[in-house]
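See structure below.
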Ligand SMILES: NC(=O)c1ccc[n+]([C@@H]2O[C@H](COP(=O)([O-])OP(=O)(O)OC[C@H]3O[C@@H](n4cnc5c(N)ncnc54)[C@H](O)[C@@H]3O)[C@@H](O)[C@H]2O)c1
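Numbering (this note's numbering), first residue to last: 469 to 813.
This is the structure we're talking about:
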């Protein structure tokens with residue numbers, strides 16, 4: 469078990485761009501137990517933006533290696549919000565420096581790197597948390613509770629989806645971005661937005677993956693990887709799962725973010741609404757949950773995990789399992805056989 473952090477957790481934020489602003493809201497909300505004390509980014513504009521949001525962070529760096537060295541014992545942990553290809557190197561450096569780690573998805577972009585990370589985290593004894601923020605969605609938590617309580621009996625099939633038209637009609641949202649490049653992205657849409665429905669599926673299925681088959685397309689976005697993926701998954705407990713995810717079209721009408729069929733009924737829902745339809749009934753019951761900012765919840769959970777010395781909801785093992793599913797989906801998709809899902813010319 470990793471050592472506990474006494475008092476307020478002091479964090480060095482590595483990558484101060486888009487999503488770090490959502491993490492920033494968590495540092496602000498839970499300032500009694502976690503504080504961002506150092507920033508790192510190669511962009512002066514993004515350092516300023518994040519520092520302003522957080523009420524002024526004077527320790528600023530352009531290189532995380534320098535940050536780890538110079539901050540020394542002044543930080544307990546790092547929060548990594550970098551482009552995907554930089555996650556693995558930053559995690560390995562942070563683990564070598566003895567810092568606890570929260571890392572945005574994906575953990576890294578290859579299984580070899582994932583195994584190196586598993587070794588490094590184990591050896592250094594730090595805590596690693598995968599930033600799987602959608603696990604904090606009330607519908608996901610309640611669906612999991614209902615499944616575990618046997619409300620729909622044995623689970624037979626489940627689906628997890630996340631689809632939207634990125635950039636709207638006629639836009640080119642990824643122009644010049646690291647997301648358009650299969651190397652820096654580590655693939656296409658599936659390893660980015662599609663990563664969320666993937667870990668939700670694994671969480672709800674509650675068993676290891678036996679086999680994966682993917683199909684991919686690039687319909688709208690000007691990126692090297694796929695913009696749409698459909699993945700079939702067989703779990704070792706016999707459950708069948710599927711993932712649909714896209715930057716080309718919205719959630720298919722009448723379908724949901726999660727849908728689970730069991731022997732005694734079904735559970736389905738999106739955003740803050742969850743339905744339960746017992747077998748043999750025509751009309752589902754419906755429950756609405758109040759909005760939860762899942763990024764704030766994630767930062768609060770990271771602080772609790774470090775202060776109480778407990779295991780995070782998802783760690784290295786789950787980070788590796790999601791990555792393996794995504795890479796296998798790409799390798800099995802005809803015409804998209806490379807690890808990075810790039811469609812051959
Ligand atoms: N959980 C979610 O819903 C969600 C949403 C968006 C992004 N993300 C994840 O967050 C991560 C970052 O995505 P983003 O949208 O914030 O990207 P971004 O491009 O807005 O931010 C990345 C930041 O990293 C900085 N950077 C690049 N190279 C660097 C280096 N060598 N050293 C230091 N800083 C460097 C960039 O200047 C930029 O500020 C990705 O892993 C992405 O998948 C998660």
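Virtual Cβ for every residue (Gly too), placed ideally from N, Cα, C.
Residue environment, residue i, which counts as buried when at least 16 other CB atoms sit within 10 Å
| i | result |
| --- | --- |
| residue 653 | buried |
| residue 629 | buried |
| residue 643 | exposed |
| residue 758 | exposed |
| residue 678 | exposed |
| residue 771 | buried |
| residue 510 | exposed |
| residue 488 | buried |
| residue 647 | buried |
| residue 721 | exposed |
| residue 698 | buried |
| residue 621 | exposed |
| residue 786 | buried |
| residue 776 | exposed |
| residue 788 | buried |
| residue 602 | buried |
| residue 498 | buried |
| residue 666 | buried |
| residue 580 | exposed |
| residue 636 | exposed |
Residue from the options whose Cα sits closest to the Cα of residue i
| i | options | result |
| --- | --- | --- |
| residue 688 | 712, 639 and 759 | 639 |
| residue 730 | 608, 529 and 624 | 624 |
| residue 755 | 607, 475, 799 and 489 | 607 |
| residue 564 | 649, 586, 580 and 650 | 586 |
| residue 707 | 626, 579, 556 and 802 | 626 |
| residue 781 | 791, 767 and 794 | 767 |
| residue 703 | 672, 775 and 552 | 672 |
| residue 611 | 736, 775 and 555 | 736 |
| residue 613 | 674, 738, 573 and 482 | 674 |
| residue 634 | 691, 753, 543 and 732 | 691 |
| residue 484 | 516, 495 and 471 | 516 |
| residue 529 | 482, 582 and 502 | 482 |
| residue 524 | 535, 539 and 506 | 506 |
Span of the alpha helix (DSSP H), counted from its first residue to its last, around residue i
| i | result |
| --- | --- |
| residue 555 | 555–564 |
| residue 668 | 663–673 |
| residue 698 | Residue 698 -> not in any alpha helix (DSSP H); beta strand (DSSP E) instead, spanning 696–703. |
| residue 789 | 784–800 |
Residue span of the beta strand (DSSP E) that contains residue i, given as start and end
| i | result |
| --- | --- |
| residue 653 | No beta strand (DSSP E) holds residue 653; the alpha helix (DSSP H) holding it covers 650–653. |
| residue 629 | 623–631 |
| residue 657 | First-last for residue 657: undefined, no H or E at that position. |
| residue 680 | 677–685 |
CB contact below 8 Å: residue i versus chain B
| i | result |
| --- | --- |
| residue 712 | Any reference to chain B falls outside this structure, which holds one protein chain only. |
| query | Where in the stretch 483–550 do unbroken runs of the beta strand (DSSP E), each at least 3 residues long, occur, reported from the N-terminal end onward? | reply | Counting only runs of 3 or more, we get 502–508, 527–529 and 545–548.
| request: Output the residue ranges of the alpha helix (DSSP H) runs that lie fully inside the stretch 556–614 and measure 4 residues or longer, sorted by chain position. | output: Under the rule that a run must span 4 or more residues, the alpha helix (DSSP H) segments found entirely inside the stretch 556–614 read 579–592.
| task | Jot down the residue ranges of each uninterrupted alpha helix (DSSP H) in the stretch 700–787, minimum 4 residues, whole runs only, in chain order. | result | Counting whole runs of 4 or more residues, the stretch 700–787 contains the alpha helix (DSSP H) stretches 762–776.
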